[in-house]
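In this text, residue positions in the sequence shown follow full-length UniProt numbering: the first is 1, and each later residue adds one.
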Amino acid sequence: MWKGEPRMAKSLMAPLPLHPVTGNVSKEEKEFWEQPDGEGYKPCLDFNLKYRKASARISKERRRFLVVVASGGLNQQRNQIVDAVVIARILEAALVVPVLQVNPIWGDESEFSEIFDVEHFKRVLRADVRIVSSLPSTHLMSRQSIENQIPLWCFTVLDSCQVLQTGKGRLNEEGLLILKALDSKLSKNLPHDLQKLRCKVAFHALRFAAPIQDLGNMLSKRMWIEGPYIALHLRLEKDIWVRSGCLSSLGPEYDKIIAKSRESQPEYLTGRLNMNPIRRRLAGLCPLSALEIASLALQPLVAEFPNVMTKEILAKGGELSPFMNKASALAAIDYIISLSSNVFIPSHGGNFGRVMQGHRAYAGHKKHIRPNKRAMLPVFENSTFSSDEFGKNHQDAAQEISGPT
């Protein structure tokens with residue numbers, strides 16, 4: 001049973017109903033499709049009395065405004081938008097609809113309203129934070145205070161965090177604060193009501209714009225009507241090689257392009273700067289390479305499962321045309337289709353895999369399987385493994401997310 005406002009259940013970005021697995025299936029097949037036990041956990045947006053009393057004042061704020069510039073790919077931007085709403089709530093400021101910074105890797109210039117349903121975003125959060133489409137004329141000439149980053153030491157006592165103390169001061173003085181480089185800097189250890197607000201933003205308010213949502217739903221139904229399906233997220237985008245510090249196996253020409261991008265934008269390399277690509281791979285920090293995906297995954301996969309589909313195959317004449325060369329819109333369509341799958345399997349971590357795992361857990365504890373790349377490395381290095389040995393090793397190494405997360 002849903003806990004909280006009944007209307008919140010209607011606003012949830014929910015997947016299609018779980019497709020039943022019927023027919024004569026083996027024990028192994030039954031185990032594969034079996035869904036995790038939710039142990040009775042349900043979404044809860046039941047805010048306490050103190051939060052609700054403060055909402056009456058905060059949701060009417062008309063003098064102080066927070067502007068947030070969200071960077072990165074779609075799911076990185078989603079995370080930053082979630083944090084932006086929480087920060088606006090903490091600062092008791094009105095939030096201007098976030099600005100989506102042009103991604104230097106993808107060159108996607110989409111605005112917030114092209115990716116997300118702005119009016120739905122405002123409506124769902126109207127009791128928590130006042131959200132406006134643009135700054136009022138009284139604030140356009142204000143001196144814009146820019147914070148390049150929020151310190152990593154923002155923990156539970158948020159008022160003691162320097163940037164938020166400074167932010168409150170500047171908001172009081174100038175009525176405007178602009179925040180950039182917000183990626184995952186806000187603590188995950190927040191009071192319960194702010195954690196609930198995070199869920200409300202991520203899974204209720206951030207619905208995709210109607211053209212994207214409608215096409216994503218349509219393609220999901222085309223998959224669903226054929227039976228239960230697996231969503232396999234293969235991270236072969238250019239940015240994963242730039243960010244991970246790994247080799248793609250696409251050949252020297254592509255490795256040079258990736259190395260050049262990494263050198264020109266060193267800030268995109270995520271962690272462990274002292275490790276070369278070989279050491280990263282041995283430590284299990286690299287995604288499956290193009291060669292591994294092609295020879296060890298796609299070829300046997302297509303041979304075993306003739307109904308391997310992509311959104312490009314699912315879409316009929318011209319349906320994807322409005323979104324071509326728009327990486328965020330295409331990623332949003334992938335998101336919608338993956339959300340409704342019986343099983344979701346990412347080839348690597350990253351924002352998409354983590355956000356999808358959380359959304360599927362929140363919306364019904366749907367199955368998520370994460371390969372253990374370090375444990376599977378001997379299989380990738382040994383081409384003499386039979387298909388049975390490969391399957392057994394994969395089954396032993398896979399880390400199945402089988403409970404509430």
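Glycine included, each C-beta is placed from N, C-alpha and C at the ideal position.
State the CB to CB distance for the pair L66 and I87, rounded to an integer number of angstroms; the pair is presumed to be in contact (CB under 8 Å).
On the sequence shown, position 66 is the one that residue 66 refers to. On the sequence shown, position 87 is the one that residue 87 refers to. That belief holds up - the Cβ atoms of L66 and I87 are roughly 7 Å apart, short of 8 Å.
In chain order, what residues of the same chain lie with their CB nearer than 7 Å to the CB of L12, ignoring the 5 residues before and after it?
Within the sequence shown, residue 12 is the residue found at index 12, counting from 1. F203, H204, A363, listed in sequence order.
Short check: CB of I230 to CB of V343, under 8 Å?
Here the question's residue 230 lines up with position 230 in the sequence shown. Here the question's residue 343 lines up with position 343 in the sequence shown. The answer is yes: Cβ separation under 8 Å.
For G216, I'd like the list of residues in its chain whose CB is within less than 8 Å of its CB, leaving aside the five on either flank, ordered along the chain.
Position 216 of the sequence shown holds residue 216. Within the same chain, G216 has close Cβ partners F208, A332, I333, Y335, I336, I337.
Put R370 into one of helix, strand or coil per three-state DSSP.
Locating residue 370 in the sequence shown gives position 370, counting from the first residue. It is a strand residue.
Quick one: what's got a C-beta closer than 6 Å to D159's C-beta in the same chain, skipping five residues either side?
Position 159 of the sequence shown, counted from the start, is the residue given in the question as residue 159. Any answer about D159 is weak, because its pLDDT of 42 lies below 50 and its placement is not dependable; what the coordinates show is given next. Same-chain partners within the cutoff: there are none.
If you draw a straight line from the C-alpha of E174 to the C-alpha of A329, how long is it?
What you label residue 174 is simply residue 174 of the sequence shown in a count that begins at 1. What you label residue 329 is simply residue 329 of the sequence shown in a count that begins at 1. Using only the alpha carbons, I get a separation of about 36 Å.
Could you pull the DSSP bridge partners for I131 from this structure?
Your numbering for residue 131 matches position 131 in the sequence shown. In DSSP, I131 forms a bridge with L95.
F323: which of D214, N79, S347, I225 sits nearest, CA to CA?
For the purposes of this step, residue 323 is taken as the residue at position 323 of the sequence shown. Of the candidates D214, N79, S347, I225, the one whose C-alpha sits nearest the C-alpha of F323 is D214.
Between which two residues does the alpha helix (DSSP H) carrying I313 extend?
The count along the sequence shown starts at 1 and reaches residue 313 at position 313. From DSSP, the alpha helix (DSSP H) with I313 extends over 311-314.
Could you give the DSSP three-state label for C44: helix, strand or coil?
As a working note, residue 44 is residue 44 in the sequence shown. It is a strand residue.
What is the residue span of the alpha helix (DSSP H) that residue 409 lies within?
This structure cannot settle anything about residue 409, because the visible part of the chain is limited to 1 through 405.
For my contact list, A181 and S26 are in at a C-beta cut-off of 8 Å; report their separation, rounded to the angstrom.
One-based indexing of the sequence shown puts residue 181 at position 181. One-based indexing of the sequence shown puts residue 26 at position 26. Actually they are not in contact, since the Cβ atoms of A181 and S26 sit about 51 Å apart, beyond 8 Å.
What would DSSP say about L18, mapped onto helix, strand or coil?
As a working mapping, residue 18 is identified with position 18 in the sequence shown. DSSP places L18 in coil when its eight states are reduced to three.
Could you name the residues of the same chain whose beta carbon sits closer than 8 Å to that of S110, not counting the 5 residues immediately before and after it, in chain order?
Taking the sequence shown and counting its residues from 1, the one referred to as residue 110 is at position 110. For S110, where only same-chain residues beyond five positions count, the Cβ hits under 8 Å are L100, K326, S328, A329.
State buried or exposed for R198, treating a residue as buried only when at least 16 other CB atoms are found within 10 Å of its CB.
Counted from its first residue, the sequence shown places residue 198 at position 198. Buried, by the Cβ-count rule.
Using CA coordinates, which residue listed in K188, R360, N372 is at the minimum distance from G38?
Within the sequence shown, the letter at position 38 stands for residue 38. Ranking K188, R360, N372 by Cα distance to G38 puts R360 first.
Is C154 buried or exposed, if buried means 16 or more other CB atoms sit within 10 Å of its CB?
Along the sequence shown, read from residue 1 onward, the residue named residue 154 stands at position 154. Here C154 scores only 48 on pLDDT, less than 50, and its place in the model should not be relied on; the value that follows carries that caveat. Buried, by the Cβ-count rule.
State yes or no: is the C-beta of L16 within less than 8 Å of the C-beta of S220?
Start at 1 with the first residue of the sequence shown, and residue 16 comes out as number 16. Start at 1 with the first residue of the sequence shown, and residue 220 comes out as number 220. Yes.
Return helix, strand or coil for residue 415, following the three-state DSSP convention.
Because the chain here runs from 1 to 405, residue 415 falls outside it and cannot be looked at.
Please identify the residue among E119, K316, D117, L176 whose C-alpha is closest to the C-alpha of T138.
Your numbering for residue 138 matches position 138 in the sequence shown. Answer by Cα proximity: L176.
In this structure, how does DSSP classify P136 when only helix, strand and coil are distinguished?
Counting from 1 along the sequence shown, the entry for residue 136 is found at position 136. Looking at P136 - three-state DSSP - the assignment turns out to be coil, as it is neither helix nor strand.
Return the chain-ordered list of same chain residues with a C-beta closer than 7 Å to the C-beta of A14, the five sequence neighbours on each side being excluded.
Residue 14 sits at position 14 when you count from the first residue of the sequence shown. Within the same chain, A14 has close Cβ partners A363.
In this structure, does DSSP put A209 in helix, strand or coil?
Residue mapping note: residue 209 aligns to position 209 of the sequence shown, counting from 1. Correct three-state label for A209: coil.
From this set, D83, V102, R370, K196, which residue's C-alpha is nearest L95's C-alpha?
The sequence position of residue 95 within the sequence shown is 95, counting from 1. For the residues D83, V102, R370, K196, the minimum Cα distance to L95 belongs to D83.
Within a Cβ cutoff of 6 Å, which residues of the same chain sit near V201, ignoring the five residues on either side of it in sequence?
Taking the first residue of the sequence shown as position 1, residue 201 is located at position 201. Cβ within range, chain order: V82, V85.
Would DSSP call F344 helix, strand or coil?
Position 344 of the sequence shown, counting from 1, holds the residue named residue 344. It is a strand residue.
Among G169, V21, P98, K10, which residue has its Cα nearest to the Cα of G227?
On the sequence shown, position 227 is the one that residue 227 refers to. It is V21.
Following the continuous beta strand (DSSP E) through S192, name the residue where it begins and the one where it ends.
Taking the sequence shown and counting its residues from 1, one reaches residue 192 at position 192. Residue 192 is actually His in this sequence, not Ser. Not the beta strand (DSSP E): H192 falls in the alpha helix (DSSP H), residues 192-200.
Starting from the C-beta of N75, find all residues in its chain whose C-beta is less than 6 Å away, skip the five residues before and the five after it, and write them out in chain order.
Along the sequence shown, one-based indexing puts residue 75 at 75. If we look at N75 and ignore the five residues flanking it on each side, its Cβ neighbours are N351, F352, V355.
Please list, in chain order, all residues of the same chain as H368 whose beta carbon is under 7 Å from its beta carbon, the five residues on each side excluded.
The count along the sequence shown starts at 1 and reaches residue 368 at position 368. Within the same chain, H368 has close Cβ partners F344, Q357, R360, I401.
Please report the residue range of the alpha helix (DSSP H) in which H120 lies.
Counting from 1 along the sequence shown, the entry for residue 120 is found at position 120. Unbroken alpha helix (DSSP H) run through H120: 118-125.
Sort out for me which residues DSSP pairs A9 with in a bridge.
Here residue 9 refers to the residue found at position 9 of the sequence shown. DSSP lists no partner for A9.
For L314, I'd like the list of residues in its chain whose CB is within less than 6 Å of its CB, leaving aside the five on either flank, ordered along the chain.
For the purposes of this step, residue 314 is taken as residue 314 along the sequence shown, with counting starting at 1. Excluding sequence neighbours, L314 sits near L219, R222.
Below 6 Å CB to CB, which residues in the same chain sit around I146 once its five sequence neighbours on both sides are set aside?
Looking up residue 146 in the sequence shown gives position 146. Any reading at I146 must be qualified, since the residue scores a pLDDT of 40, below 50, and its modelled position is unreliable; the value itself is stated next. Once the five neighbours on either side are set aside, the close Cβ partners of I146 are I178.
For the beta strand (DSSP E) holding residue 418, just list the boundary residues, first then last.
Given that the chain is displayed from residue 1 to residue 405, the structure contains no residue 418 and the question cannot be resolved.
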